[in-house]
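Asks: One structure is given below, represented as structure tokens, and several questions about it will come after.
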Amino acid sequence: MPRIVVDYDKCTGLGICESIAPDVFEVDDDGSLLILEESPDETRRGELQEAVDGCPTGALSIED
Ligand code: SF4
Numbered sequence: 001m002p003r004i005v006v007d008y009d010k011c012t013g014l015g016i017c018e019s020i021a022p023d024v025f026e027v028d029d030d031g032s033l034l035i036l037e038e039s040p041d042e043t044r045r046g047e048l049q050e051a052v053d054g055c056p057t058g059a060l061s062i063e064d
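For what it's worth, full-length UniProt numbering labels the leading residue of the sequence shown as 1, then goes sequentially.
Structural data, given as structure tokens:
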């Protein structure tokens with residue numbers, strides 16, 4: 001099962017990831033990223049990879 005890893009030093013809270021997978025990522029009002037589901041189902045991998053690739057600061061990665 002994929003697990004999402006966030007480098008919070010790199011995340012700038014722009015929320016691209018949230019727009020790609022809103023049920024996994026949420027940026028709150030002060031720009032902090034919350035992971036709503038840390039280990040989503042295997043079937044979500046493509047969407048997660050899209051969020052990883054779409055993050056402009058390279059803050060996201062997937063671990064297995
Ligand atoms: S897209 Fe990247 S920088 Fe933006 S909120 Fe998500 S993890 Fe943070």
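Idealized CB from N, CA, C, for every residue including glycine.
Identify, in the order they occur along the chain, each residue of the same chain with its Cβ nearer than 6 Å to the Cβ of D7, setting aside the five sequence neighbours on each side.
Replies: Closer than 6 Å at the Cβ level, and outside the excluded window around D7, lie A59.
Asks: Whole angstroms are fine: how far does the CA of V27 sit from the CA of I62?
Replies: One C-alpha to the other measures close to 19 Å.
Asks: Nearer than 7 Å: is that true of the beta carbon of I35 relative to any heavy atom of ligand 1?
Replies: The answer is no for I35.
Asks: Under the rule that 16 or more other beta-carbon atoms within 10 Å means buried, what is V5, buried or exposed?
Replies: The residue is exposed, with fewer than 16 neighbouring Cβ atoms inside 10 Å.
Asks: Pull up the CB-CB distance for V24 and I16, whole angstroms please, since I reckon it's below 8 Å.
Replies: 13 Å between Cβ atoms; not a contact.
Asks: Would a C-beta distance cut-off of 8 Å place L48 and P2 closer than the cut-off?
Replies: Closer than 8 Å, so yes.
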